[in-house]
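J.:
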Amino acid sequence: MAFDVYAESLRLIESRHVEPVPRLSRRRRFAPMGVDVVGDVAVTMFARRGVGCSLSETYVLSRRDGHWRLLGGGSDAERNDLLADRPAWLPEEPAHGPGDHTGIDPSIVRLEGGGGVRDSGGRADWVHWSGRWISYVVLRVSAQVASLQTDGRQLVVPWHGRVVIASTKRRPSGVKVYDDRGQLLGEVLPQPSRS
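Taken in order, the sequence shown gives residues 1309 to 1503; the numbers are from our numbering.
#1: Going by C-alpha distance, which of 1317, 1480 and 1374 is nearest residue 1343?
#2: Here's the rule: buried if 16 or more other CB atoms are within 10 angstroms of the residue's CB, otherwise exposed. What is residue 1314?
#3: Counting only the same chain and skipping the five closest in sequence on each side, list residues whose C-beta sits under 6 Å from that of residue 1457.
#4: Please tell me whether residue 1321 and residue 1352 are closer than 8 Å, where the distance is taken between their beta carbons.
#5: Output the boundary residues of the beta strand (DSSP E) element that contains residue 1456.
#6: With a floor of 3 residues, list each beta strand (DSSP E) that falls wholly inside the stretch 1469-1502, ordered by position along the chain.
#7: In this structure, what does DSSP give as the bridge partners for residue 1354?
#8: Pairing CB atoms from the stretch 1451-1471 with CB atoms from the stretch 1368-1388, are three or more of them under 8 Å?
#9: Whose CA, out of 1379, 1332 and 1378, lies closest to the CA of residue 1356?
#10: Under 8 Å between the Cβ atoms of residue 1441 and residue 1461?
#11: Nearest-angstrom Cα distance between residue 1346 and residue 1459?
#12: Just the Cα atoms here: how many angstroms apart are residue 1476 and residue 1443?
#13: Which whole-angstrom value is the C-beta distance of residue 1449 and residue 1472, which I expect to be below 8 Å?
#14: When the Cα atoms are used, what is the spatial distance from residue 1451 to residue 1397?
#15: When burial is assigned at 16 or more other CB atoms within 10 Å of the CB, is residue 1394 buried or exposed?
#16: Assuming residue 1364 and residue 1389 are in contact, meaning their beta carbons sit under 8 Å apart, how far apart are those beta carbons, in whole angstroms?
#17: Round the Cβ separation of residue 1455 and residue 1439 to the nearest angstrom and send it over; I've been treating them as touching at under 8 Å.
#18: Decide if residue 1399 is buried, meaning its Cβ has at least 16 other Cβ atoms within 10 Å, or exposed.
#19: Residue 1323 lies in the alpha helix (DSSP H); which residues open and close that run?
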């Protein structure tokens, strides 16, 4: 089964829903993992089967003239448990990992990665420092977390516990972390990458 990034991203943006997929195989080479849409910006996340590993791939899209345009993306090799159910507690990470910067217990929430692209807005004459910066972060959460809230958006946590959060703001927004009873567990201030 071929993986068309643009078509699958559009499908994910339209549905805004991911179905649990236990694992990737020769027949099932990719699986949607998450999406966040903020106005005319979307970030999609997929698991893709690589050679001897699974890849976590994230793509940034913007909507211009009624059409979504793929601006860029990135990937990272992951362990085979990329699609596994989230654990009760996240495993310990090395002290110098990116998870140290969330402001909440790293066994509950951890910053797993992030990235971003510049959006020229369709201008042909743009220079590399012009245009808006679209960033995203990926938070990994334990089974204790049911939902996240940021900038008025409620984000439901998928079975695997990785949540992608898009932003066009210059500074990161706070992310409130809730359990399945709606109790606030804390607030995270993730630091997305910025060029």
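Idealized CB from N, CA, C, for every residue including glycine.
T.: In terms of the structure at hand:
#1: Sorting 1317, 1480 and 1374 by C-alpha distance to the C-alpha of residue 1343 places 1317 at the top.
#2: Exposed, because fewer than 16 other Cβ atoms sit within 10 Å of the Cβ of residue 1314.
#3: Cβ neighbours of residue 1457 beyond the five flanking positions: 1484.
#4: Their beta carbons are under 8 Å apart, which means residue 1321 touches residue 1352 by this criterion.
#5: Its beta strand (DSSP E) spans residues 1455-1458.
#6: You should have 1470-1475, 1483-1486 and 1492-1496.
#7: Answer is 1340 and 1365, bridged to residue 1354.
#8: No, the stretch 1451-1471 is not in contact with the stretch 1368-1388.
#9: Residue nearest to residue 1356 within the set 1379, 1332 and 1378 is 1332 (criterion: CA-CA distance).
#10: The criterion of a C-beta distance shorter than 8 Å is not satisfied by residue 1441 and residue 1461.
#11: Between residue 1346 and residue 1459, the C-alpha separation is close to 9 Å.
#12: The straight-line gap from Cα to Cα measures roughly 6 Å.
#13: With a beta-carbon spacing of about 12 Å, residue 1449 and residue 1472 fall beyond the 8 Å limit used to define contacts.
#14: Going from the Cα of residue 1451 to the Cα of residue 1397 covers about 7 Å.
#15: Looking at its Cβ environment, which holds 16 or more other Cβ atoms inside 10 Å, residue 1394 is buried.
#16: For residue 1364 against residue 1389, the beta-carbon gap comes to about 11 Å, at or over 8 Å, which does not count as contact.
#17: So it is not a contact: roughly 32 Å between Cβ atoms.
#18: Exposed, by the Cβ-count rule.
#19: For residue 1323, the enclosing alpha helix (DSSP H) has its first and last residue at 1313-1323.
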